[in-house]
Amino acid sequence: MGKSYETIFENNRKWIEEKLGQDADFFKKLAEGQSPEYLYIGCSDSRATAEELMGMKPGEVFVHRNIANLVNTLDMSSTAVIQYAVQHLKVKHIIVCGHYGCGGVKAAMTPQDFGLMNPWLRTIRDVYRLHQEELDAIKDEQLRYDRLIELNVQEQCINVIKMACVQERYILDQYPIVHGWVFDLKTGKLIDLNIDFEEILKNIQKVYDLTNSDWVMSRKNNKNF
Ligand SMILES: [Zn+2]
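Taken in order, the sequence shown gives residues 116 to 340; the numbers are from my numbering.
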């Protein structure tokens, strides 16, 4: 146990050497600040990394991870991350990335009391209820599990689009664009679910419109906005 812990610091020393070997100013530039174009919201699963699977370098992607990549209006952590990314970093793209074989989604399909995990998993059970007809029609359990993973990504994209800060920024700048992806652990492939961002935005604004376009535009000259 002690040996593997020490390995991390050894890896860190090697990483520093490698980075400085490529660019002597690497850490000087890193310390100057960040302006990532992407916000990645993914699962905490140790196999579904963010930067590595996208081939991104430090500074290129703002990351939030939790169990089953959920965006919940009562979860201050994801809400604050999205607000900061949209309002201050002004990211161009928000990616919700699920992964096949997600343990959180599997647990939500299991009729069992998971204690403190129940309220978290209920968000996924709600996705099931919303799409029950489609899911129950899939007889193969593995295929039904895969489909719930995709539908969960889609619903979390919708939860992102429901947020006032996202709607406001889009009115002002025509970004961020929200994307739904799934990572396939068995092949390493990223699959774009091709969610129709503009169509979803238009539809949900019938109920969740938290902006008034005229009012937003009138504040456009405010440099803090
Ligand atoms: Zn997962």
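C-beta atoms are modelled at their ideal positions from N, C-alpha and C, and glycine is treated no differently.
Task: For ligand 1, residues whose Cβ lies under 6 Å from any non-hydrogen atom - done: For ligand 1, residues qualifying as neighbours are 158, 160, 183, 214, 217, 218 and 219, where qualification means a beta carbon closer than 6 Å to at least one of its heavy atoms (chain order).
Task: Whether residue 220 touches residue 264 by CB criterion (8 Å) - done: Residue 220 is a Cβ neighbour of residue 264, given a cutoff of 8 Å.
Task: Beta-carbon proximity list for residue 207, same chain, < 8 Å, skipping 5 on both sides - done: Around residue 207: 152, 153, 290, 291 and 292.
TODO: Please specify which runs of the beta strand (DSSP E), each continuous and at least 3 residues long, are wholly inside the segment 286-334, giving them in chain order.
DONE: List check, beta strand (DSSP E) in window: 292-298 and 305-307.
Task: Segment contact, 8 Å Cβ cut-off, at least three pairs: the segment 165-185 with the segment 214-232 - done: Yes: the two stretches touch, three or more of their Cβ pairs being nearer than 8 Å.
TODO: From the DSSP output, read off the bridge partner residues of residue 179.
DONE: 156, per the DSSP bridge assignment.
- [ ] Could you spell out where the alpha helix (DSSP H) holding residue 212 opens and where it closes?
- [x] In the DSSP assignment, residue 212 falls outside any alpha helix (DSSP H) and lies within the beta strand (DSSP E) extending over 208-214.
- [ ] Take the Cβ of residue 214 as the centre, count every other Cβ of all protein chains shown within 10 Å, and call the residue buried at 16 or more, exposed below.
- [x] The residue in question, residue 214, is buried, as its Cβ has 16 or more Cβ neighbours within 10 Å.
- [ ] Could you please give the first and the last residue of the uninterrupted alpha helix (DSSP H) stretch that includes residue 143?
- [x] Residues 141-147.
Task: Short Cβ contact (8 Å threshold) for residue 244 with residue 223 - done: Not in contact: residue 244 and residue 223 (Cβ atoms no closer than 8 Å).
- [ ] Count the other C-beta atoms from every protein chain shown that fall within 10 angstroms of the C-beta of residue 357, then say buried if there are 16 or more, exposed otherwise.
- [x] Nothing about residue 357 can be reported from this structure: the residues present for the chain run from 116 to 340 only.
- [ ] Tell me whether residue 280 sits in a helix, a strand or coil according to DSSP, three-state version.
- [x] Note: residue 280 maps to helix in three-state DSSP.
Task: Spatially closest choice to residue 131 from 161, 303, 173 and 256, by CA coordinates - done: For residue 131, the nearest C-alpha among the options comes from 173.
- [ ] Determine, using beta carbons only, whether residue 276 and residue 306 come nearer to each other than 8 Å.
- [x] No, the Cβ-Cβ distance between residue 276 and residue 306 is not below 8 Å.
Open item on the list: For residue 236, report the span of its alpha helix (DSSP H) as first-last.
Closed with: For residue 236, the enclosing alpha helix (DSSP H) starts and ends at 233-245.
Task: Short Cβ contact (8 Å threshold) for residue 266 with residue 242 - done: Contact flag set, yes.
Task: Span separating the alpha-carbon of residue 140 from that of residue 322 - done: About 50 Å.
Open item on the list: Could you check whether residue 296 and residue 209 sit closer than 8 Å to each other, using their CB atoms as the reference points?
Closed with: For residue 209 and residue 296, no; Cβs fall outside 8 Å.
Open item on the list: Looking at residue 192: is its Cβ nearer than 8 Å to the Cβ of residue 186?
Closed with: Cβ distance not < 8 Å, so residue 192 and residue 186 don't count as in contact.
- [ ] For the alpha helix (DSSP H) holding residue 194, just list the boundary residues, first then last.
- [x] Where residue 194 is concerned, the enclosing alpha helix (DSSP H) stretches over 191-202.
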